[in-house]
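**Student:** Quick one: the structure is below, and I'll ask about it shortly.
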């Protein structure tokens, strides 16, 4: 299990560093019902990552992800494909990044986030975790690594739980600060929000490219 966890720590860190979800939860915490809605967003985020990872573990279990305690060939092909996808998307993101960080713009839907219903808040957490172009491939790759480690199912679930917790630190940190500090956290969270908003595209581009290359390397290693 320790080996499986070690394999996915880098991928979990890549998911944790997600500027857009961090901005989203900070904006949610600034609303009149921030405590409740922030918790709902975090719940949706956790369920999204855990659900997607569990599906991949089930696919790996039925598809023979581990062959004699070594990753199956299709696991290598999957990682290679996901890595190429991430690296290409990272290069495109880097070319499109604002030259002046102060010109960065957040999605228009964020302007209406204070009017989201609880159901929409949970759905947003699900979307930004399991439906995110960076987080979904990394979660799938992590679950494939765990599934191919040749360990018993209970240990696979434990390794996935560790991945989900670490991958959620970026989202859970603002919520924890808010719950502990209350209104005193507004200034600190505002600074976090401004930094994440300004550097969202550049950070994502670097993460896409670096983690994409890592998955490409892992895939080639398995295939060869």
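In my numbering, the protein residues as written are 3 to 226.
Note that CB positions come from ideal geometry on N, CA and C, so glycine has one too.
1) Kindly indicate the opening and closing residues of the alpha helix (DSSP H) around residue 196.
2) Between residue 84 and residue 143, is the Cβ-Cβ spacing less than 8 Å?
3) Between the stretch 129-138 and the stretch 46-62, can you find at least three pairs of beta-carbon atoms closer than 8 Å?
4) Between which residues of its own chain and residue 190 is the CB-CB distance below 7 Å, once the five residues before and five after are set aside?
5) Could you compute how far the alpha carbon of residue 35 sits from the alpha carbon of residue 58?
6) When the Cα of residue 44 is compared with those of 5, 73, 113, 24, which residue comes out closest?
7) Whose C-beta lies closer than 7 Å to the C-beta of residue 153 among residues of the same chain, with five residues either side of it excluded?
8) Does the Cβ-Cβ distance between residue 161 and residue 148 come in under 8 Å?
9) What separation, rounded to the nearest whole angstrom, lies between the Cα atoms of residue 63 and residue 33?
10) Taking C-alpha atoms, which residue in 56, 86, 38 lies nearest to residue 124?
11) Within 10 Å of its beta-carbon, does residue 111 have 16 or more other beta-carbons around it, so buried, or fewer, so exposed?
12) Using the Cα positions of residue 194 and residue 186, report the straight-line distance between them to the nearest angstrom.
13) Identify whether residue 21 lies in helix, strand or coil by the three-state DSSP scheme.
14) In terms of alpha-carbon separation, which member of 10, 8, 14 lies closest to residue 173?
15) Taking only the alpha-carbon atoms, compute the straight-line gap between residue 10 and residue 225 and give it to the nearest angstrom.
16) I believe residue 171 touches residue 18 by the beta-carbon criterion, under 8 Å. Please report the beta-carbon distance rounded to the nearest angstrom.
**Tutor:** Concretely, from the data shown:
1) 188-225
2) yes
3) yes
4) 179
5) 35 Å
6) Selection 5, 73, 113, 24 evaluated against residue 44 yields 24 as nearest (Cα-Cα).
7) 3, 6
8) The answer is yes: Cβ separation under 8 Å.
9) 43 Å
10) The shortest C-alpha separation from residue 124 is found at 38.
11) exposed
12) 14 Å
13) helix
14) 14
15) 19 Å
16) 5 Å
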